[in-house]
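The block underneath contains the structure these notes are about, expressed in structure tokens.
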Amino acid sequence: MKKPLFIFPFAGSGLEALDCVDEAIFDWLGFIDDDPTKQGTTPEGWRVFGREVLAQHPVALLLAVQGSPDNYLHRASVIDSFGLPPERFATVIHPSAQVSRYAQLGYNCLLMAGVVITPKAVVGNHVVIMPQTVIHHESTLGDYTCLGAGVVIAGGCRISPHCWIGSGTTVKQQIEIGTGALIGIGSTVIRSVAAKTVVAGNPAKEVRK
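With my numbering applied, the sequence shown corresponds to residues -7 to 201, in that order.
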């Protein structure tokens, strides 16, 4: 039986998530958004609901993919405000993504097209990984972290919770990125990054804390 699914929010990240849904696994019911002006039926025929729809569909799953470089530190509070247990969240993997049978994935994760997760990598809960990103062996992605498109995380890295890794970033092996850090687009990270720090460049240097 297909699993009923809602996607939050009705915005760019949600639209990209919809394109990853495997129709053989999920029965997509519509979007959820907190903005009443977005709720209703779109010109494409998509339905957009308020949060109350989750109570009306008690077995439906939620994929919550809210977040951007401007508000990534608020992802946890927004997602947690749904008050759902882990089993009510979905993990959606694009059919073209490759996940090692020896890797671990949490709940409420989105893996977009062309993502590769190699052996003994660990992906936490509420993680978004955008297209063509590669997570190499024994690296860990903390909860609520987002990785842009075309990111390469070499082996043995530890990406702490609540991080944002900009598109096109490369992270050298055995690097640790602290909680809440932001890595700018196209950076090359060759040294560990402190918590709550913004770095960018090649090689990546601190921009601000």
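Quick reminder that beta carbons are idealized off the backbone N, C-alpha and C, glycines included.
Residue i, enclosing alpha helix (DSSP H) - first and last residue
i   : result
A68 : 67 to 72
L46 : 45 to 48
E8  : 4 to 10
Residue environment, residue i, which counts as buried when at least 16 other CB atoms sit within 10 Å
i    : result
E44  : exposed
T29  : exposed
Y136 : buried
G172 : buried
G4   : exposed
R93  : exposed
T34  : exposed
V126 : buried
A47  : exposed
Residues near residue i in its chain [Cβ-Cβ closer than 7 Å; skip 5 each side]
i    : result
K164 : A146, V181, I182
Test item: CB-CB of residue i and residue j under 7 Å
i    : j     : result
A9   : I(-1) : yes
A187 : G176  : no
G106 : Q124  : yes
V190 : V199  : yes
V157 : V143  : The sequence shown places Ile at residue 157, rather than the Val named in the question. Their beta carbons are under 7 Å apart, which means I157 touches V143 by this criterion.
L97  : T83   : yes
A68  : P(-4) : no
G42  : F23   : no
Residue i - partner residues in DSSP beta bridges
i     : result
P(-4) : D19
C149  : For C149, which the question treats as bridged, DSSP gives no partner whatsoever.
I175  : I157, V191
E79   : DSSP output for E79 lists no bridge partner at all.
Own chain, CB closer than 6 Å to residue i, minus 5 neighbours either side, in chain order
i    : result
V70  : Q58
I121 : L103, V107, L139
D25  : P1, F2, V40
Where the beta strand (DSSP E) through residue i begins and ends
i    : result
E198 : 197 to 200
A56  : 53 to 56
F41  : 39 to 41
7 Å Cβ cutoff, residue i in contact with chain B
i    : result
L133 : Of the protein chains in the structure, only one exists, and it is not chain B.
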